[in-house]
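**Student:**
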Amino acid sequence: MTLLIGAGLSFLGLAALCLSMGRHHQALWPVPPESRRVLGLRVAGWTLIGLSLAAAIRLDGWNFGPVDWLGSLTGAGLLLIVVQSYRPRVLLWLVPVAAAITAVAALGALA
Amino acid sequence: MKQGFRQSMAWLHTWSGLVVGWVLFAVFVTGTATYYRADISRWMQPELRREATVTPETLAASADLAVAHLQAQAGAARTWFIGLPTPEKPLVELFWRTKPGAAPGHVLLDPRTGAPAAMRATRGGDFFYRFHFELNLPPLWGRWIVGLCAMVMLVALVSGIVTHRRIFSDFFTLRRDKAAQRGWLDAHNVSGVLALPFHLMITYTGVVTLALMYMPWGVTAAYKGDQFAFFAETGQITRNRPAAGQPGTLAPVGPMVRQALATIPEPLERLTIANPRDANSTVVAVFEEPHGLSHEHPQVAFAGTSGDVVEVLSGGLQPAAKTFTTLVGLHEAHFAGAALRVLFFLCGLMGCAMVASGLVLWSVARLPKSGAVPGFGWRLVHALNLGTIAGLPGAVAAYFLANRLLPLDLAGRAEWEVRVFFGTWILVAGLGAWPAPRRAWRLSLAAVAALFAAVVVADAATARGLWDDPAWFLGFDAALLALAAGFALISHKIARYAGPRRARRAVPEPAPRMEAA
């Protein structure tokens with residue numbers, strides 16, 4: 602469960618950071634992102650990655666939390682890079698799906 | 009030295025990576041496989057029947073049976089090792105060592121009958137485990153070579169980080185529409201940077217596991233070179249009890265097993281019996297690690313002749329020893345459950361990809377101009393690259409295939425599986441050195457894919473009737489098929505690769521190229 606939540610939050614965070622870059626933004630939309638959008642995506646990206654670390658430590662403690670977090674961050678990064686490099690438009694539905702799965706998993710962990 | 013810092017680091021990264029790359033690829037592949045060592049062993053002995061539970065009575069009876077067998081077969085041995093039955097492997101595994109240097113004795117017993125278990129002989133996943141740090145060489149040689157390569161790898165990692173000027177801006181970049189060299193550089197960067205925490209951790213902790221061998225001087229000075237005294241004083245093993253030189257009779261071990269089980273709540277893993285026929289014999293019960301990052305086996309030591317407890321080790325390590333065992337624990341990842349283990353495995357695969365793409369990048373960056381004859385150095389690196397990157401996976405597949413196809417009653421069957429492993433490796437490397445590079449890569453990787461697919465066919469054809477849990481075996485075979493598909497895909501991509509579009513427009517009729525991919 603920790604890995605799912607961590608990977609979900611990391612995936613969303615990394616996706617935001619990725620789309621804040623002109624080259625990757627233009628794989629989905631015709632124009633480079635405007636500066637406010639860049640700022641918004643970067644803040645969201647780093648916040649989500651920070652949240653994924655916080656969630657991993659909260660759920661699995663200081664011993665296993667960081668190990669789980671690095672593992673899920675790497676796994677999420679691999680998925681993101683493969684998808685945005687081979688089928689970038691898949692991100693348009695994969696991001697909402699990841700957000701929904703993460704939200705459900707997080708609610709399950711809180712309950 | 010007129011060069012800038014970054015250029016000299018780039019030079020260091022290129023050449024340090026190249027000289028150790030081939031060994032590192034083998035270490036990464038076998039180490040990654042070792043995350044599934046127990047599963048590989050189980051797949052390679054489909055005769056094994058698992059049990060729901062192993063009771064304390066079974067453990068005690070198994071220990072008595074093991075000692076009876078060893079008294080009859082290995083009375084002169086200095087040390088006996090008794091692996092006790094577990095639900096996953098309900099067998100008694102015996103090792104004994106008669107004198108240093110001699111090959112250890114080994115037998116697998118069925119605890120219900122006391123007779124040797126009816127299993128095909130194989131080294132299973134243990135072969136990859138030992139190869140990972142000994143390369144199937146004499147232990148001292150293998151460990152030194154792997155250790156030196158790992159130390160150079162740390163140099164290559166750090167110089168690689170310094171060299172990579174766009175870690176953040178290229179973090180997500182995998183360009184496939186540019187020149188081959190750019191594509192390989194992106195693949196090398198992504199596999200290296202994305203799993204960088206893993207690469208740094210696994211290389212550093214890998215050196216740490218054998219640090220006392222590489223840097224023995226502290227122990228030499230403080231303990232007169234007696235490493236066991238050092239391990240005992242830091243609480244990692246029980247204290248050594250030297251032989252008295254007087255004959256003695258070993259007390260029944262069954263009661264000792266029961267008492268050990270009552271002392272430590274973890275599952276009991278094995279017994280070690282030192283100097284079994286001496287008045288000062290010692291029986292040590294070694295338990296599985298409690299859940300935690302640290303690699304620490306709780307242990308209970310008994311005086312062999314009386315059966316009295318002489319020492320109980322359970323936690324309570326001092327900070328330095330705890331640091332060491334935690335680093336070793338992180339390397340081995342015994343704590344990882346199924347999901348985390350998949351992630352460790354993926355990180356290991358990315359390590360393989362990083363080393364392989366780095367090696368290929370070296371030769372792609374130095375491709376001879378079209379029409380020019382490649383020099384000896386380039387051909388040597390190319391042949392070693394292909395021999396390692398295609399040869400080793402081919403050898404792994406052939407090792408599995410031999411496990412299913414060699415006759416079950418073949419004398420020295422386990423050794424024959426290893427011979428098939430090395431024979432295939434040499435064959436792929438030798439055959440791959442002759443054709444034009446691109447053709448050689450395409451054909452050899454297609455052959456690797458075919459070998460992995462053949463393993464699945466051979467498993468279904470010869471061992472299906474033995475599967476105790478068909479879903480599990482099908483899962484393992486599915487993983488092998490995924491590997492086959494991966495290699496087939498790479499081979500297909502190599503066949504289809506036509507260079508970047510821009511370059512093709514500039515040169516209307518490209519001469520036959522020498523791309524590695």
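From first to last, the protein sequence lines stand for chains A and B.
In short: position in the first sequence from 1, add 601, done, that's the numbering used here.
In short: position in the second sequence from 1, add 8, done, that's the numbering used here.
A virtual CB, placed ideally from N, CA and C, is assigned to each residue, including glycine.
Since the model is a prediction, treat every value here as computed from it, not as a measurement.
(1) Please name the residue, chosen from A/683, A/689, A/643 and A/672, that lies closest to residue 605 of chain A on a Cα-to-Cα basis.
(2) Just reading off the alpha helix (DSSP H) that residue 637 of chain A is part of, what are its end residues?
(3) Tell me, which residues are paired with residue 104 of chain B by DSSP?
(4) Compare the C-alpha of residue 272 of chain B against each of B/309, B/84 and B/94 and name the closest.
(5) For the beta strand (DSSP E) that residue 373 of chain B lies in, which residues bound it at each end?
(6) Are residue 246 of chain B and residue 136 of chain B touching if we call contact CB-CB under 8 Å?
(7) Can you list, in chain order, the residues of its chain whose CB lies under 6 Å from that of residue 621 of chain A, leaving out five sequence neighbours each side?
(8) Could you tell me the alpha carbon to alpha carbon distance between residue 403 of chain B and residue 392 of chain B, rounded to whole angstroms?
(9) Would the region 495 to 506 of chain B count as touching the region 85 to 102 of chain B if we require 3 or more Cβ pairs under 8 Å?
(10) Quick one: using the 10 Å Cβ neighbour count with 16 as the cut-off for buried, is residue 54 of chain B buried or exposed?
(11) May I ask which residues mark the beginning and end of the beta strand (DSSP E) holding residue 290 of chain B?
(12) Give me the chain A residues within the contact set of residue 182 of chain B, using Cβ-Cβ distance strictly less than 7 Å, ordered along the chain.
(13) Taking DSSP as the reference, what is the three-state secondary structure of residue 276 of chain B?
(14) Closer than 8 Å by beta-carbon distance: list the chain B residues that pair up with residue 673 of chain A, in chain order.
(15) Determine the DSSP secondary structure at residue 697 of chain A, reduced to helix, strand or coil.
(16) For a contact defined as C-beta to C-beta under 7 Å, what are the partners of residue 693 of chain A on chain B?
(17) Three Cβ pairs or more, each shorter than 8 Å: is that satisfied between the region 158 to 167 of chain B and the region 204 to 223 of chain B?
(18) Looking at residue 307 of chain B and residue 294 of chain B, is the spacing between their C-beta atoms short of 8 Å?
(19) Could you pull out every residue in the same chain whose Cβ sits closer than 6 Å to the Cβ of residue 431 of chain B, ignoring the five residues on either side in sequence?
(20) Per the contact definition of three or more C-beta pairs closer than 8 Å, is the region 647 to 660 of chain A in contact with the region 11 to 24 of chain B?
(21) Is residue 340 of chain B helix, strand or coil by DSSP?
(22) According to DSSP, is residue 301 of chain B helix, strand or coil?
(23) Can you find the residues in the same chain that come closer than 6 Å, C-beta to C-beta, to residue 275 of chain B, ignoring five residues on each side of it along the sequence?
(24) Looking only at its own chain, which residues have a Cβ that is under 7 Å from the Cβ of residue 25 of chain B, when we skip the five neighbours before and after it?
(25) Is the beta carbon of residue 410 of chain B less than 8 Å from the beta carbon of residue 425 of chain B?
(26) In chain order, what residues of the region 350 to 376 of chain B put their CB closer than 9 Å to some CB of chain A?
(27) Roughly how many angstroms separate the alpha carbons of residue 712 of chain A and residue 704 of chain A, rounded to a whole number?
(28) Helix, strand or coil: which one does DSSP assign to residue 317 of chain B?
(29) Spell out whether any CB of chain A is found under 8 Å from the CB atom of residue 557 of chain B.
(30) Measure the C-alpha to C-alpha separation of residue 198 of chain B and residue 176 of chain B and round it to an integer number of angstroms.
(31) Report back the beta-carbon spacing between residue 192 of chain B and residue 368 of chain B to the nearest angstrom; my notes put them in contact at under 8 Å.
(32) Using CA atoms only, rank isn't needed, just tell me which of B/130, B/115 and B/131 is closest to residue 124 of chain B.
(33) Rounded to a whole number of angstroms, what is the C-alpha to C-alpha distance between residue 218 of chain B and residue 492 of chain B?
(34) Could you say which of B/337, B/444 and B/421 lies nearest to residue 379 of chain B if we only look at CA atoms?
(35) Need the endpoints of the beta strand (DSSP E) that residue 310 of chain B sits in, please.
(36) Would you mind reading off the limits of the alpha helix (DSSP H) that contains residue 455 of chain B?
**Tutor:** From the atom records:
(1) Closest option to residue 605 of chain A, Cα to Cα, is A/672.
(2) Element bounds for residue 637 of chain A: 636 to 687.
(3) As computed with DSSP, residue 104 of chain B is found in a beta bridge with B/88 and B/113.
(4) Ranking the options by Cα distance to residue 272 of chain B, first place goes to B/309.
(5) Counting along the chain, residue 373 of chain B falls outside any beta strand (DSSP E), though it belongs to the alpha helix (DSSP H) covering 346 to 373.
(6) Cβ distance not < 8 Å, so residue 246 of chain B and residue 136 of chain B don't count as in contact.
(7) Once the five neighbours on either side are set aside, the close Cβ partners of residue 621 of chain A are 639, 642 and 643.
(8) So the two alpha carbons sit approximately 15 Å from each other.
(9) Taking a contact to require three or more Cβ pairs closer than 8 Å, the region 495 to 506 of chain B and the region 85 to 102 of chain B do not qualify as touching.
(10) Residue 54 of chain B should be labelled buried.
(11) Counting along the chain, the beta strand (DSSP E) containing residue 290 of chain B begins and ends at 290 to 295.
(12) Ordered by position in chain A, the residues that pass the 7 Å Cβ test against residue 182 of chain B are 682 and 686.
(13) For residue 276 of chain B, the three-state secondary structure derived from DSSP is strand.
(14) The contacting residues are 351.
(15) Three-state result, residue 697 of chain A: helix.
(16) What residue 693 of chain A touches in chain B: nothing, since even the nearest Cβ is about 16 Å away.
(17) Touching, yes.
(18) Contact: yes.
(19) Answer for residue 431 of chain B: no residue qualifies.
(20) With a cut-off of 8 Å, the region 647 to 660 of chain A and the region 11 to 24 of chain B do not count as touching, because too few Cβ pairs lie within range.
(21) It is helical.
(22) In this structure, residue 301 of chain B counts as coil in the three-state DSSP scheme.
(23) Close CB contacts of residue 275 of chain B within its chain, under the 6 Å cut and outside five residues either way in sequence, are with 296 (chain order).
(24) So the qualifying residues of the chain are 164 and 366.
(25) For the pair residue 410 of chain B and residue 425 of chain B, the CB atoms are nearer than the 8 Å cut-off.
(26) Flagged, chain order: 350, 351, 352, 354, 355 and 358.
(27) About 12 Å.
(28) In the structure shown, residue 317 of chain B sits in a strand (DSSP, three-state: E or B).
(29) Outside the shown range of chain B (9 to 525) lies residue 557 of chain B, about which nothing can therefore be said.
(30) Going by C-alpha positions, residue 198 of chain B is about 11 Å away from residue 176 of chain B.
(31) Right, the Cβ-Cβ distance comes to about 6 Å (below 8 Å), so this counts as a contact.
(32) The shortest C-alpha separation from residue 124 of chain B is found at B/115.
(33) Taking the straight line joining both Cα atoms gives about 34 Å.
(34) Of the listed residues, the one whose Cα sits closest to residue 379 of chain B is B/444.
(35) 307 to 311 is the span of the beta strand (DSSP E), which, as asked, contains residue 310 of chain B.
(36) Looking at the DSSP string, the run of the alpha helix (DSSP H) that includes residue 455 of chain B is 445 to 471.
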